[in-house]
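Using the working numbering, read the sequence shown as starting at 229 and increasing by one per residue. We put the beta carbon where it would ideally sit given N, CA and C, even for glycine. The model shown is predicted, which means the values in this text are computed figures rather than measured ones. So the structure is just underneath, and the comments pick up after that.
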Amino acid sequence: MSATIHAISSFNLKPILFIVILVSVLPVAIVLLALHLATGSVSFKIPVVIGLLTLPLTIFLLAQLAVVKIATDETQLTIGGGLYKEKIARSVIRGDAIETLGPAELSKALGIRINGVGLPGFLLGWFQPRGGRKVFVLQTAGQAVLVPTTGAYDVIVSPDDTQAFIADLQRR
Numbered sequence: 229m230s231a232t233i234h235a236i237s238s239f240n241l242k243p244i245l246f247i248v249i250l251v252s253v254l255p256v257a258i259v260l261l262a263l264h265l266a267t268g269s270v271s272f273k274i275p276v277v278i279g280l281l282t283l284p285l286t287i288f289l290l291a292q293l294a295v296v297k298i299a300t301d302e303t304q305l306t307i308g309g310g311l312y313k314e315k316i317a318r319s320v321i322r323g324d325a326i327e328t329l330g331p332a333e334l335s336k337a338l339g340i341r342i343n344g345v346g347l348p349g350f351l352l353g354w355f356q357p358r359g360g361r362k363v364f365v366l367q368t369a370g371q372a373v374l375v376p377t378t379g380a381y382d383v384i385v386s387p388d389d390t391q392a393f394i395a396d397l398q399r400r
């Protein structure tokens, strides 16, 4: 049986704007303002260099948004992409305990990010809830699904079609 890819809306406006403004536009604007305040005139050589230096980081972060996925096959659940990717054996997934999370439950389930990417509308990486088990998260603006496991950590994802995703995990 082939892998089933569950759509996830990771490449949306909030994280894209955040990356472009914070990583590319803001440093150039700060340098332009500092040059103007220090010299009374504006030279575009240094801001252009700063913009070119921040461009690879911007591209890298945008690529991270584009490559994430949620996939299932007969043996495993694959979540993430780029720097943060986990493969969970289907045998450790507790299908009977899978549940959707509301915003308040999600906040409690996440705790603090210990390693990963945190942007408005996009979370990917490891989280440690207060007094709970470590969680691997791929969360966008969609409905969150908690996938408990018998392993060392649980998983939280937000596929576009949560019901189809849950049915897929419980079916096998």
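Distance from ILE236 to ILE298 at the Cβ level is roughly 6 Å; contact confirmed, criterion being Cβ atoms closer than 8 Å. Shown here for ALA317: same chain residues with a beta carbon closer than 7 Å to its own, the five before and five after excluded, namely THR303, GLN304 in chain order. Between the alpha carbons of ILE307 and THR267 lies a distance of about 51 Å. Pairing THR282 with LEU293, the inter-Cα distance amounts to about 17 Å. Counting only runs of at least 3 residues, the region 358-388 fully encloses the following beta strand (DSSP E) elements, listed from N- to C-terminal order: 362-367, 372-375, 381-385.
Residue pairing of GLU327 in beta bridges, as defined by DSSP: LEU374. If you look at ILE394, you'll find it in the alpha helix (DSSP H) that goes 390-399. If you ignore the 5 residues before and after ALA372, its C-beta comes within less than 6 Å of the C-beta of LEU329, LEU334, ILE384, SER386, all in its own chain and listed in chain order. When only Cα atoms are considered, PHE350 and ILE340 end up about 15 Å apart.
Listed in chain order, the alpha helix (DSSP H) elements of length 4 or more contained wholly in the region 279-332 amount to none. Rounded to whole angstroms, PRO348 and PHE246 show a C-alpha spacing of 7 Å. DSSP places LEU347 inside the beta strand (DSSP E), whose first and last residues are 340-347. For LYS362 and GLY379, the gap between their C-alpha atoms comes out near 10 Å. In this structure LEU285 touches VAL251 by the C-beta definition: roughly 5 Å separates them, less than 8 Å.
Secondary structure at PHE272: coil, using DSSP grouped into helix, strand and coil. Remark: C-beta atoms of THR377 and ARG322 approach each other more closely than 9 Å.
Selection ILE287, VAL365, PRO275 evaluated against TYR312 yields VAL365 as nearest (Cα-Cα).
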